[in-house]
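Right, one structure below, let's go through it.
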Amino acid sequence: MKFEVQPNGRMVDAETRAAHLAAPGFGRVFTDHMVSAQWTRAEGWHDARLVPYAPLVLDPATAVLHYSQSVFEGLKAYRQPDGGVALFRPGRNAERLAASCRRLALPVLPVEDFVAACELLVRTDADWVPDSEGASLYLRPLLIADEVGLMVRPSNSVRFLLIASPAGSYFTGPLRPISLWLTREYVRAALGGTGAAKCGGNYAASLVAQQEAMDHGCDQVVFVDAIEHRWIDELAGSNIFFVLDDGVLVTPELSGAILPGVTREAVIALARDAGRRVEERRFDVEEWREGALSGRVAEVFACGTAAVITPIGTLKWPGGEATVGDGTPGTTTLALREALIDLQYGRTPDPHGWRRRVL
Ligand code: COI
1490 MKFEVQPNGR MVDAETRAAH LAAPGFGRVF TDHMVSAQWT RAEGWHDARL
1540 VPYAPLVLDP ATAVLHYSQS VFEGLKAYRQ PDGGVALFRP GRNAERLAAS
1590 CRRLALPVLP VEDFVAACEL LVRTDADWVP DSEGASLYLR PLLIADEVGL
1640 MVRPSNSVRF LLIASPAGSY FTGPLRPISL WLTREYVRAA LGGTGAAKCG
1690 GNYAASLVAQ QEAMDHGCDQ VVFVDAIEHR WIDELAGSNI FFVLDDGVLV
1740 TPELSGAILP GVTREAVIAL ARDAGRRVEE RRFDVEEWRE GALSGRVAEV
1790 FACGTAAVIT PIGTLKWPGG EATVGDGTPG TTTLALREAL IDLQYGRTPD
1840 PHGWRRRVL
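The sequence shown begins at 1490 in the working numbering and counts up by one.
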């Protein structure tokens, strides 16, 4: 794919940009440019461009607005010690996007085009990559069915978009253990459904349970499986790990109903590099509850591109709660978090070849 470049003639001024970078929050402000490409069944991918960031004009009958035929990704660009910029494993996100596209009957964007689009946007808007600790440039690629019409069938026209947003931590304030609400009424995904695809519908389905979590004073909701309602799946926006008292890490297996997280995969590799045993298996909510009481479950954490590695303290459910450890971040959680962050920010060697220098 060849990208035509149309620079933004009205870029955000340096002072305003600096103010945004000083307190980025998450997903609130966006850079000066975006990437766009069009696919049609007749022509395939074409019209690839880097253009000024701008709202879209969509016909109210556009398919995605009705039937949610869309997928997205999330990845970050990190400022390196020498002032350069590196993406973290963009090829893995490209592969997962391709898998999501297949599940949602969308055309696959070739891996090399995905990576080229990310590199082009980051290079163009490099001044938007923060250099403060814990901050980065979050990239949000998405595909939407943009054919106009109300027939329920795979769209004959699809648009790829890539936007970027300076990002701090997803959970506000200094690093602290978050609390989870265990929902058993609502299910995020079932086998055969779209749970392993990164599509907006999964997130839409999580929101009523997320509201319930917030109503009970919790930060996030945690979902269990759709059949027995007892096996831990994941949070609304991240995967989950348990650290047992003998140092073994356990994370729910990729059952087909949970998202195969890129950070999840990196955490498994980093833990194994450090000589830890990692088990990918089903984890019963009772194992969590009893383990919190007995001390068998020593630490719990969430992980994802946005969540990074975030300690989890308390699990609540209707009529009860259980706190793991003393409610402060655990040492294994913090060590893995540091190993991951140091790697992403280029402070440690990169034995797996995960960093992709853009600048
Ligand atoms: C991410 O971690 O990149 C996500 O997509 C999770 C959430 C912010 C939607």
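In this text, a Cβ means the ideal position worked out from N, Cα and C, and glycines have one as well.
Close beta carbons around residue i, own chain, < 6 Å, minus the five adjacent residues each side
{"i": "R1770", "result": "E1742"}
{"i": "Q1569", "result": "A1575 and G1835"}
{"i": "L1680", "result": "G1745 and A1746"}
{"i": "A1606", "result": "V1524 and L1651"}
{"i": "F1649", "result": "A1526, L1598 and L1632"}
{"i": "L1510", "result": "P1619 and P1655"}
{"i": "P1630", "result": "E1562 and L1651"}
{"i": "P1711", "result": "Per the sequence shown, residue 1711 should be read as Val rather than Pro. Hits under 6 Å: L1669, L1671 and L1724."}
{"i": "R1826", "result": "I1798"}
{"i": "G1780", "result": "V1786"}
Neighbourhood of residue i by C-beta distance below 7 Å, restricted to the same chain and skipping five residues each side
{"i": "Y1675", "result": "V1697 and A1698"}
{"i": "D1853", "result": "What the structure shows of the chain is the stretch from 1490 to 1848, and residue 1853 is not part of that stretch, so it cannot be assessed."}
{"i": "A1694", "result": "R1677"}
{"i": "G1819", "result": "V1732, A1787, E1788 and P1800"}
{"i": "R1530", "result": "N1645"}
{"i": "C1707", "result": "S1668, L1669, W1670 and K1805"}
{"i": "D1614", "result": "T1520, D1521, H1522 and A1653"}
{"i": "V1847", "result": "A1566, V1574, A1575, L1576, E1608, V1611 and R1612"}
{"i": "D1704", "result": "none"}
{"i": "M1490", "result": "A1526, W1534, A1537, D1602 and A1605"}
{"i": "G1458", "result": "Here the chain covers residues 1490 to 1848 and nothing more, so residue 1458 does not appear."}
{"i": "H1841", "result": "A1758"}
{"i": "G1580", "result": "V1600 and V1604"}
{"i": "A1760", "result": "L1738, V1767 and L1825"}
{"i": "G1814", "result": "A1787 and E1788"}
{"i": "E1636", "result": "A1552, S1644, N1645 and S1646"}
CB contact flag (residue i, residue j, <8 Å)
{"i": "V1560", "j": "C1688", "result": "yes"}
{"i": "A1795", "j": "G1563", "result": "yes"}
{"i": "V1647", "j": "Y1556", "result": "no"}
{"i": "G1750", "j": "G1793", "result": "yes"}
{"i": "V1713", "j": "R1673", "result": "yes"}
{"i": "V1600", "j": "A1588", "result": "no"}
{"i": "L1829", "j": "A1755", "result": "yes"}
{"i": "W1843", "j": "R1585", "result": "no"}
Inter-residue CB distance, residue i and residue j (contact presumed, cutoff 8 Å)
{"i": "A1550", "j": "Q1558", "result": "Going by Cβ atoms, the distance from A1550 to Q1558 rounds to 14 Å, so no, they are not a contact pair."}
{"i": "A1686", "j": "L1593", "result": "6 Å"}
{"i": "T1812", "j": "T1803", "result": "5 Å"}
{"i": "N1728", "j": "R1753", "result": "4 Å"}
{"i": "R1785", "j": "D1734", "result": "5 Å"}
{"i": "F1660", "j": "F1730", "result": "That belief does not hold up - the Cβ atoms of F1660 and F1730 are roughly 16 Å apart, past 8 Å."}
{"i": "L1539", "j": "L1547", "result": "At roughly 21 Å, the Cβ-Cβ gap does not stay under 8 Å, so L1539 and L1547 are not in contact."}
Own chain, CB closer than 8 Å to residue i, minus 5 neighbours either side, in chain order
{"i": "G1638", "result": "A1550 and A1552"}
{"i": "Y1542", "result": "N1497, F1519, T1520, D1521, H1522, M1523 and I1652"}
{"i": "E1768", "result": "V1737, L1738, V1739 and T1740"}
{"i": "G1662", "result": "none"}
*asked:* For the pair the stretch 1492-1501 and the stretch 1618-1630, tell me if three or more CB-CB distances fall below 8 Å.
replied: no
*Within the structure, which residues are defined as neighbours of ligand 2 by a Cβ-heavy atom distance below 5 Å, reported in chain order?*
Absent from the structure shown: ligand 2. Ligands present: ligand 1.
*Every unbroken alpha helix (DSSP H) inside the stretch 1750-1823 [4 residues or more]*: 1751-1762 and 1774-1783
*Can you check the stretch 1669-1742 for any alpha helix (DSSP H) of at least 4 residues that lies completely inside it and give the ranges in chain order?*
Runs of alpha helix (DSSP H) with 4 or more residues, each lying fully within the stretch 1669-1742, are found at 1689-1704, listed in chain order.
*Along the chain, which unbroken stretches of the alpha helix (DSSP H) at least 4 residues long are found entirely within the stretch 1563-1619?*
1579-1592 and 1600-1613
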